[in-house]
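A short worksheet on the structure shown next.
Residue numbers (this note's numbering): 678 to 835.
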């Protein structure tokens, strides 16, 4: 399926559209898949654990509370996510190492960049509903993203 979010919205008016504000930083400018959620704040321990697992074409949606004080994803985790078959990550927060991440075969959208890494305290929740951008992301639902925006569907599209 070619992911073009305006076409998805035209063909599936029931989808939810995430409010604008995300930037595309990944090597893949369009991506989508089943949602896996992580809820964390300035601690990417759970993100690190998950990118080490098989992604099977899924998309990790990370609710970082919108923090702009540290990066929840860097080049090494992005590369590991790509190698393990993740389609992409959508991060309600910051990333770093963007020049390298742009070369990685992975979709990555985030609010901004920040050079500081997070602390690792082992704090975070996996596969809980998370809400940001006017949308609630449910584990097992589907997300599609491109340079036009991000849409969420309860059903797999295409």
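Ideal Cβ placement from N, Cα and C applies to all residues, glycine included.
Annotation for residue 689: 830, 834 place their beta carbon closer than 7 Å to its own, counting only its chain and skipping 5 residues before and after.
Contact annotation: the region 736-749 touches the region 758-777, with at least three C-beta pairs closer than 8 Å.
Note that the C-beta distance between residue 710 and residue 819 is below 8 Å.
For the 8 Å CB-CB criterion, residue 708 and residue 784 form a contact.
In the DSSP assignment, the residues bridged to residue 694 are 828. Unbroken alpha helix (DSSP H) runs of no fewer than 4 residues, entirely contained in the region 717-780, are found at 722-728, 752-760, 775-778, following chain order. Ranking 747, 696, 697 by CA distance to the CA of residue 770 puts 747 first. For residue 813, the enclosing beta strand (DSSP E) begins and ends at 812-814. With distances taken between CA atoms, residue 788 lies nearest to 697 out of 693, 697, 687, 731. Excluding the 5 residues flanking it on each side, residue 805 has same chain C-beta neighbours closer than 7 Å at 714, 716, in chain order. When DSSP states are grouped into helix, strand and coil, residue 795 belongs to the coil group. Going by DSSP, residue 682 is part of the alpha helix (DSSP H) stretching over 682-688.
Inclusion of residue 828 and residue 821 in the CB contact set at 8 Å is warranted, their separation being smaller than that value. Distance check between residue 721 and each of 799, 807, 712 places 799 closest, using alpha-carbon atoms only. Inter-residue distance for residue 681 and residue 792 is about 31 Å (C-alpha atoms, whole angstroms). In the DSSP assignment, residue 803 is bridged to 715. Annotation: the continuous beta strand (DSSP E) that includes residue 788 extends over 784-790.
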